[in-house]
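S.K.: My structure is below; once you've seen it, I'll send some questions.
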Amino acid sequence: MFQIYPFGDSGLSIRFGKTISSKTNQYIRSFSMLLREENTQGIVEWIPTFTSITIIYDSSILSYHELKKRMTILLKKLVQMKLPSAQLHIIPTCYEEEYAPDLSYVAKFNGLSKDEVIAIHTQPYYLIYMIGFTPGFPYLGGMSKRIATPRLSKPRMNTPAGSVGIAGEQTGIYPLASPGGWQIIGRTPLKLFDPTNEHPFLLEAGNFIKFVQVDSSDYRKLEKEVEKGTYSYIIRDY
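Under this note's numbering, the residues of the sequence shown are numbered 76 to 313, in order.
Structure below.
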């Protein structure tokens, strides 16, 4: 069911499935929890992806064969493990032109109005499959194909932090200002990554988010609250 194979000279990768799915994501989330609880000496870090986990280890402490043996034992525990409830993060997002330079293009490309794109984008509860690309960037599952749009032909040199974008059949949020080629359809004032916090990442793989539309006036108000540290993040069990 699960495949284990070497990844370079100090890595081991475990594949939990061949296709991207919520079930595969549950296996990955559960196994990440087991790794955290086990706290095996010699494991440096692990990197969850859509269908696998790659474990980086110190080969001076732990051999590949010993690590593979331990991971095989952990995988047997995985089947019996019960996950805690996931969390749902509410993401206030402004879709007005000032914050959504590509919304008109996305609407035109899909034969929709801008309001229809917004309605479709704010409808799902998006599963966070993994975090990557830049610190805190969530790769989300669940976006409707009705608003799928190719990346920009020429990436921007700077995409503002909080920008909400579409690339192909995926949507995501830029946690930091950075170059990028996603079609930007909105922006959230929330900080997804704050290195000054004890827990720098707002979002985690296995949880869910829902975009909620706000106007520019509310956006600026929320932005000030976030900057002052007075904003109350809306997080619910899901």
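We put the beta carbon where it would ideally sit given N, CA and C, even for glycine.
If Leu137 and Gly117 are in contact, beta carbons under 8 angstroms, what's the gap, nearest whole angstrom?
M.R.: 3 angstroms
S.K.: Looking at C-beta atoms only, is the number of pairs between the region 205-216 and the region 237-251 that lie closer than 8 angstroms three or more?
M.R.: Contact holds: three or more Cβ-Cβ distances are below 8 angstroms.
S.K.: Please classify Tyr80 as buried or exposed, where buried requires at least 16 neighbouring CB atoms within 10 angstroms.
M.R.: exposed
S.K.: Mapping the DSSP letters down to three states, classify Ile309 as helix, strand or coil.
M.R.: coil
S.K.: Where Ser127 and Gly207 are concerned, what is the direct C-alpha to C-alpha distance, given to the nearest angstrom?
M.R.: 14 angstroms
S.K.: Throw me the rounded Cβ distance for the Val287 and Thr168 pair, which I believe falls under 8 angstroms.
M.R.: 7 angstroms
S.K.: Compute the Euclidean distance between the alpha carbons of Leu163 and Tyr313, then round it to the nearest angstrom.
M.R.: 6 angstroms
S.K.: Between which two residues does the beta strand (DSSP E) containing Arg79 stretch?
M.R.: Here residue 79 turns out to be Ile, not Arg, going by the sequence shown. Residues Gln78 to Pro81.
S.K.: Alpha carbon to alpha carbon, how far is Ile259 from Pro176? Give it in angstroms, no decimals.
M.R.: 6 angstroms
S.K.: Kindly provide the ranges of any beta strand (DSSP E) runs that are 3 or more residues long and lie completely inside the region 252-303, ordered along the chain.
M.R.: 253-255, 258-262 and 283-289
S.K.: So, with DSSP's three-state summary, where would you put Glu244?
M.R.: If DSSP states are grouped into helix, strand and coil, Glu244 belongs with coil.
S.K.: Given a cut-off of 8 angstroms, decide if Lys266 and Leu277 are closer than it, judged by their beta-carbon atoms.
M.R.: yes
S.K.: Do you know how far the Cα of Leu215 is from the Cα of Trp257?
M.R.: 14 angstroms
S.K.: Assess contact between the region 120-135 and the region 97-112, defined as three or more Cβ pairs (one per stretch) separated by less than 8 angstroms. Is contact present?
M.R.: yes
S.K.: Are the CB atoms of Glu171 and Leu149 nearer to each other than 8 angstroms?
M.R.: no
S.K.: Which residues in the same chain have their Cβ closer than 6 angstroms to the Cβ of Met232, if we skip the five residues on either side of it in sequence?
M.R.: Pro254
S.K.: I need the boundaries of the alpha helix (DSSP H) containing Ala111, first residue and last residue.
M.R.: Looking at the sequence provided, one finds Arg at residue 111 rather than Ala. Ser97 to Glu113 is the extent of the alpha helix (DSSP H) around Arg111.
S.K.: Give the secondary structure of Met232 by DSSP, where H, G and I count as helix, E and B as strand, and everything else as coil.
M.R.: strand
S.K.: Could you please give the first and the last residue of the uninterrupted alpha helix (DSSP H) stretch that includes Glu191?
M.R.: Lys189 to His196
S.K.: Whose C-beta lies closer than 7 angstroms to the C-beta of Arg104 among residues of the same chain, with five residues either side of it excluded?
M.R.: Taken in chain order, the residues that qualify are Leu158, Ala280 and Gly281.
S.K.: Between the Cα of Arg226 and those of Met218, Ser134 and Gly240, spot the shortest distance and give me the residue it belongs to.
M.R.: Gly240
S.K.: Classify His196 as buried or exposed, calling it buried when 16 or more other Cβ atoms lie within 10 Å of its own Cβ.
M.R.: buried
S.K.: If we ignore side chains and look at the alpha-carbon of each, how far apart do Thr305 and Asp133 end up?
M.R.: Take the alpha-carbon of Thr305 and the one of Asp133: they are about 42 angstroms apart.
S.K.: What span of residues does the alpha helix (DSSP H) with Glu173 cover, start to end?
M.R.: It is not in any alpha helix (DSSP H) - Glu173 carries neither H nor E in the DSSP assignment.
S.K.: Roughly how many whole angstroms lie between the Cα atoms of Phe77 and Phe91?
M.R.: 5 angstroms
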